[in-house]
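The next block holds one structure in the form of structure tokens; read it before the comments.
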Amino acid sequence: MFFRNCKKTTDDNDLPMPQPLTQHELEAYLDEALPVDAMARVERALRDDPKLAQQLIAINGRRDAGVHSLGEIWRRHRLSCPSRDQLGSFLLNVLSEDVAGFIQFHLDVSGCRTCAANLHDLKSQQSDEPAVVDNRRKKYFQSSAGHLRRR
Amino acid sequence: MVPLAPSDQLLVNRIRSGESEAWNELIARFEGRLLAFVEGRLGRRSAGEDVVQETFLGFLNSLPNFEDSRPLESYLFSIAAHKLTDHLRREGRRPTLPLAAGSDGNEWEPPDRGRAVSSVMRSGERRGLEESAIVDALNEQIDRLRSRGEWQKLGCLELLFVRGWANRDVAIQLKMTEQTVANFKFEFLARLRTLVRKQGLSEDVFPELQEND
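Chains as they are written, first to last, in my numbering: chain A, 15 to 165; chain B, 2 to 214.
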């Protein structure tokens with residue numbers, strides 16, 4: 015299996031990351047789409063280097079001008095993300111080795127936070143106290159139901 | 002473009018008609034994954050729940066603008082990301098920048114809010130068409146890689162275009178030559194260019210299509 019040796023085996027800080035920060039990474043930062051550790055790295059860099067803020071403003075300007083970024087569109091539409099059903103099968107260990115290897119890569123190396131959140135949620139469904147979950151959902155409902163009307 | 006699933010379309014229609022049971026159903030279906038998303042970044046459950054609460058309110062407020070061509074889950078995650086950004090700005094963890102036209106930090110709205118209506122109509126429609134075309138083109142290539150079991154190539158393209166890694170770093174991570182990475186990238190961009198031209202769209206609004214390395 016190709017991805018067998020590609021799994022992240024160290025802290026995310028040790029993964030190769032181009033220096034200085036690339037435009038792709040700054041775009042993903044603006045979309046809150048980088049892995050958590052990488053988000054923190056950008057935030058640290060922003061505190062140390064005021065020029066980075068100018069780069070972020072420039073990216074927003076390009077977006078407002080109608081220039082597209084492939085990465086931005088790819089992320090927004092989650093084009094290579096596994097489905098939630100596939101993530102469930104991944105948890106149950108019933109996928110082929112190749113597909114499971116890609117999902118592991120997508121989570122660990124590509125660092126997809128949306129898929130990681132889905133996976134975490136699927137795991138939590140087996141462990142969370144039903145009463146705690148019910149209370150949380152009631153709170154969400156009660157705080158928002160007043161805004162529900164014919165739209 | 003990946004359309005809204007029929008079951009999601011039905012759910013959204015019921016919510017639009019004010020059905021509280023449908024709203025409860027949406028909350029039950031999505032709150033866990035949204036909470037995991039924001040809590041992973043904030044590290045605190047109570048703050049995470051607040052952001053999810055704001056996300057659901059943001060969804061209801063933006064419902065008149067929700068495009069049915071977009072998957073419901075990715076729409077909810079984009080609102081959650083926006084609310085999370087606002088929360089981090091209030092905490093001082095993110096800089097305050099003109100992050101999106103019309104963003105006031107209190108209400109989630111499409112980024113074109115605030116412009117002259119005619120301009121919004123023209124640019125919004127055009128951008129939507131361009132985005133739809135590129136999504137179709139990307140989907141075609143990704144589906145082909147999946148059906149052929151070319152997971153290595155798909156992983157390579159994710160690192161190049163989604164994470165924005167340089168060819169050299171991708172080659173190191175995937176234990177392949179830089180030339181192989183460059184070949185994958187060239188082939189992928191060439192196919193995208195062809196598909197964009199077929200749609201009669203300008204390549205100027207997709208600067209990455211001009212990259213050759």
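No residue lacks a Cβ here, since even glycine has one placed at the ideal position from N, Cα and C.
Query                                                                                                                      : Result
Burial state of Glu-126(B) (16 or more Cβ within 10 Å)                                                                     : exposed
Rounded C-alpha distance that separates Phe-67(B) from Asp-9(B)                                                            : 12 angstroms
Proximity test, Cβ basis, 7 angstroms: Glu-159(B) and chain A                                                              : yes
Alpha helix (DSSP H) segments (min. 4 residues) lying fully within the region 40-94 of chain B                             : 46-63, 73-91
Expected contact under 8 angstroms - CB spacing of Ser-94(A) and Leu-155(B) to nearest Å                                   : 6 angstroms
Contact set for Val-52(B): own chain, Cβ-Cβ below 6 angstroms, skip 5 residues either direction                            : Val-39, Lys-84, Leu-85, His-88
Check whether Gly-59(B) and Leu-162(A) have beta carbons under 7 angstroms apart                                           : no
C-alpha gap between Trp-152(B) and Ala-159(A), whole angstroms                                                             : 44 angstroms
Exposure of Glu-159(B), with buried meaning 16 or more beta-carbon neighbours within 10 Å                                  : buried
Residue environment, Gln-211(B), which counts as buried when at least 16 other CB atoms sit within 10 Å                    : exposed
Cα-Cα separation between Ile-173(B) and Leu-12(B), rounded to whole angstroms                                              : 45 angstroms
Proximal residues of chain A, C-beta to C-beta of Ile-143(B) below 8 angstroms                                             : Leu-93, Ser-94
When Leu-130(B), Cys-157(B), Leu-202(B), Arg-147(B) are compared against Phe-185(B), the one with the closest alpha-carbon : Cys-157(B)
Closer than 6 angstroms: Ala-79(A) CB and nearest the ligand PLP heavy atom                                                : No copy of the ligand PLP occurs in the structure displayed, which carries no ligand at all.
Top-ranked residue by Cα proximity to Gln-139(A), from Ile-16(B), Ala-29(B), Trp-24(B)                                     : Ala-29(B)
Residue environment, Ala-145(A), which counts as buried when at least 16 other CB atoms sit within 10 Å                    : exposed
Per-residue DSSP class, three states only, for Trp-166(B)                                                                  : coil
Leu-73(B): contacting residues in chain A (beta-carbon distance under 7 angstroms)                                         : Correct list: empty, because the minimum Cβ distance to chain A is about 12 angstroms.
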